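Written below as structure tokens is the structure these notes are about.
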Amino acid sequence: MKKLKRLFAAGLLLLMMVGLAACAGSQISQSTGGQKESSSKSGEGTVNIGFSGPLSGPAALYGERTLNGIKMAAEEINNNGGFEINGKTYKLNIVPLDDKYLPNETASNAKRLLQEYKTPIIFTPHSGGVMALQVFNETEKFLIGAYTSEPDVTDAGNSLTIGIPPRYDGYVEPFTDYAMKRFGKKLAALPPSTQYGKDWTKTLLPQWEKKGGKVVYHSSIDFSKETDFFTIVTNALKEKPDVLFIGGASEPTAKVAKQARELGFKGGFIIMDQAKLDFMEKITGSYDVLEGSVGVLPLVKSNDPGAPAFVENYRAKFKDEPSSESGLNYIATYIFVEAMKAAKTVDDAEAIRKHMQDGLDNLPKDKRVYEIPSIGDDGRLEVKRKVAVVEDGQIVLKVVD
Numbered sequence: 026m027k028k029l030k031r032l033f034a035a036g037l038l039l040l041m042m043v044g045l046a047a048c049a050g051s052q053i054s055q056s057t058g059g060q061k062e063s064s065s066k067s068g069e070g071t072v073n074i075g076f077s078g079p080l081s082g083p084a085a086l087y088g089e090r091t092l093n094g095i096k097m098a099a100e101e102i103n104n105n106g107g108f109e110i111n112g113k114t115y116k117l118n119i120v121p122l123d124d125k126y127l128p129n130e131t132a133s134n135a136k137r138l139l140q141e142y143k144t145p146i147i148f149t150p151h152s153g154g155v156m157a158l159q160v161f162n163e164t165e166k167f168l169i170g171a172y173t174s175e176p177d178v179t180d181a182g183n184s185l186t187i188g189i190p191p192r193y194d195g196y197v198e199p200f201t202d203y204a205m206k207r208f209g210k211k212l213a214a215l216p217p218s219t220q221y222g223k224d225w226t227k228t229l230l231p232q233w234e235k236k237g238g239k240v241v242y243h244s245s246i247d248f249s250k251e252t253d254f255f256t257i258v259t260n261a262l263k264e265k266p267d268v269l270f271i272g273g274a275s276e277p278t279a280k281v282a283k284q285a286r287e288l289g290f291k292g293g294f295i296i297m298d299q300a301k302l303d304f305m306e307k308i309t310g311s312y313d314v315l316e317g318s319v320g321v322l323p324l325v326k327s328n329d330p331g332a333p334a335f336v337e338n339y340r341a342k343f344k345d346e347p348s349s350e351s352g353l354n355y356i357a358t359y360i361f362v363e364a365m366k367a368a369k370t371v372d373d374a375e376a377i378r379k380h381m382q383d384g385l386d387n388l389p390k391d392k393r394v395y396e397i398p399s400i401g402d403d404g405r406l407e408v409k410r411k412v413a414v415v416e417d418g419q420i421v422l423k424v425v426d
């Protein structure tokens, strides 16, 4: 009887250990989305690509759209058999971590990605996160896929930072000229309280005043804490501005615009490049609410060679409209892979960086969601800027360079 009990106990313990192992494996799979080690199959390998961005909180949709572009490119590459370097086939594994839009979390996530997954590239879609990574990326030898138009991240001279979207300072003058000519010279500034919002403001307000305008109100909005903008918008409108300067993630920015209209504002909006007019319209309910806005051209309105197919495929896969963050991070993923192929390495970040122009040159035409002829000496992809305005309830393209 005692022997039978011992056998029963041993069997029960074995089942518990197997169950715990299965649970642990399930948790790793769900939290990281992939493998920590290269494939054990002969001649095959895995390249882990990191992502740290807001996947929760008010900017979660922005983070998800950025990540979707990277994931979509990786899935296409993998489904086409991966890519080959020195006779070995590699596939991509995207490892996403939520940083809640907090730079300190971005840095912590990067340490984990490097230690556990040895990621040669880490994407992050906010300037604070990029700057946090720039403290140690050259020492740790990994590339930053920097989805931020903040000029400082590429002006810093960091040799392993790739700036993905155009610099925002190229938008300031055409945005100012359009808004001032159409509506008038009095501006109320309600940017987000992020570092990115502060930097945009420091660039725009002097330009506004240089053109003869007057800043009649200046405050900021913390979208992580505020969801009702009645008080701050009311205070701004008391100064009778002709134009409101707003921005941040598309959804909360749209709510600010909608609140302003509900309070009787009849003027125009200068919209920071992070917010997208087509996604704002989903919140406002119509482009009429956004009449007189000036911002960046939505991807769905682009006529670049690879854009129509990308838009169609994205809609089919995600049941949603693609944004510029989706498209630019999609193309950036392909560029990185082509650079790896040209450099003949998947883990030497410095060699991959040296071959980024080759990555651009070798990019298939059907993947050119944006026309990007070159990469600057500062490491930023030289994407052609396209300005959009809302006139008579319609988006109108304004090419500025």
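Numbering (the working numbering), first residue to last: 26 to 426.
For every residue, glycine included, the Cβ atom is placed at its ideal position computed from N, Cα and C.
Since the structure is predicted, the reported quantities are computational estimates derived from the model, not experimental observations.
Collapsed DSSP secondary structure at residue i in the structure displayed
| i | result |
| --- | --- |
| residue 361 | helix |
| residue 378 | helix |
| residue 320 | strand |
| residue 123 | strand |
| residue 251 | coil |
| residue 309 | helix |
| residue 395 | coil |
| residue 130 | helix |
| residue 256 | helix |
| residue 411 | strand |
| residue 118 | strand |
| residue 75 | strand |
| residue 154 | helix |
| residue 67 | With a pLDDT of 48 at residue 67, under the threshold of 50, the predicted position of this residue should be treated as unreliable, though the coordinate-derived value follows. Note: residue 67 maps to coil in three-state DSSP. |
| residue 350 | helix |
| residue 422 | strand |
| residue 314 | coil |
| residue 406 | strand |
| residue 91 | helix |
| residue 369 | coil |
| residue 239 | strand |
| residue 445 | The shown model of the chain, from 26 to 426, leaves out residue 445, and the question about it has no answer. |
| residue 113 | strand |
Neighbourhood of residue i by C-beta, 7 angstroms cutoff - its chain only, sequence neighbours within 5 removed
| i | result |
| --- | --- |
| residue 93 | 343 and 351 |
| residue 286 | 314 |
| residue 362 | 102 and 108 |
| residue 359 | 98, 388 and 392 |
| residue 56 | Here the model assigns residue 56 a pLDDT of 37, short of 50, so the residue's position is not dependable, and the following value carries that caveat. Nothing meets the Cβ criterion. |
| residue 218 | 245, 246 and 247 |
Residue i versus residue j - alpha carbon distance
| i | j | result |
| --- | --- | --- |
| residue 39 | residue 177 | With a pLDDT of only 38 at residue 39, under 50, the local geometry of the prediction cannot be trusted, and the value read off the model is given with reservation. When rounded, the distance between both Cα atoms is 56 angstroms. |
| residue 262 | residue 255 | 10 angstroms |
| residue 383 | residue 134 | 30 angstroms |
| residue 272 | residue 118 | 33 angstroms |
| residue 411 | residue 321 | 6 angstroms |
| residue 310 | residue 87 | 19 angstroms |
| residue 102 | residue 233 | 45 angstroms |
| residue 375 | residue 167 | 8 angstroms |
| residue 392 | residue 169 | 21 angstroms |
| residue 364 | residue 381 | 5 angstroms |
| residue 211 | residue 226 | 15 angstroms |
| residue 422 | residue 70 | 44 angstroms |
| residue 187 | residue 113 | 26 angstroms |
| residue 197 | residue 174 | 12 angstroms |
| residue 83 | residue 294 | 21 angstroms |
| residue 406 | residue 190 | 7 angstroms |
| residue 180 | residue 192 | 10 angstroms |
| residue 249 | residue 123 | 15 angstroms |
Local Cβ density within 10 Å of residue i, reported as buried at 16 or more and exposed below that
| i | result |
| --- | --- |
| residue 318 | buried |
| residue 238 | buried |
| residue 408 | buried |
| residue 130 | buried |
| residue 231 | exposed |
| residue 288 | exposed |
| residue 341 | exposed |
| residue 224 | buried |
| residue 298 | buried |
| residue 334 | exposed |
| residue 324 | buried |
| residue 416 | exposed |
| residue 73 | buried |
| residue 78 | buried |
| residue 259 | exposed |
| residue 349 | buried |
| residue 432 | Only positions 26 to 426 of the chain appear in the structure, and residue 432 is not among them; the question remains open. |
| residue 389 | exposed |
| residue 222 | buried |
Chain-order list of residues whose beta-carbon lies under 8 angstroms from that of residue i (same chain, five-residue window excluded)
| i | result |
| --- | --- |
| residue 432 | Only positions 26 to 426 of the chain appear in the structure, and residue 432 is not among them; the question remains open. |
| residue 308 | 275, 276, 279, 280 and 283 |
Cut-off 6 angstroms between Cβ atoms - residues of its own chain near residue i, not counting five sequence neighbours on either side
| i | result |
| --- | --- |
| residue 153 | 128 and 220 |
| residue 200 | 295 and 319 |
heavy atom of the ligand ZN below 7 angstroms from residue i C-beta
| i | result |
| --- | --- |
| residue 115 | With respect to the ligand ZN, the structure shown offers nothing to examine, as it has no ligands at all. |
Inside the segment 260-296 only - beta strand (DSSP E) runs reaching at least 3 residues: 268-271 and 293-296
Could you tell me which uninterrupted alpha helix (DSSP H) segments, each at least 4 residues in length, are contained entirely in the segment 161-232, listed from first to last along the chain? 162-165, 177-180 and 194-208
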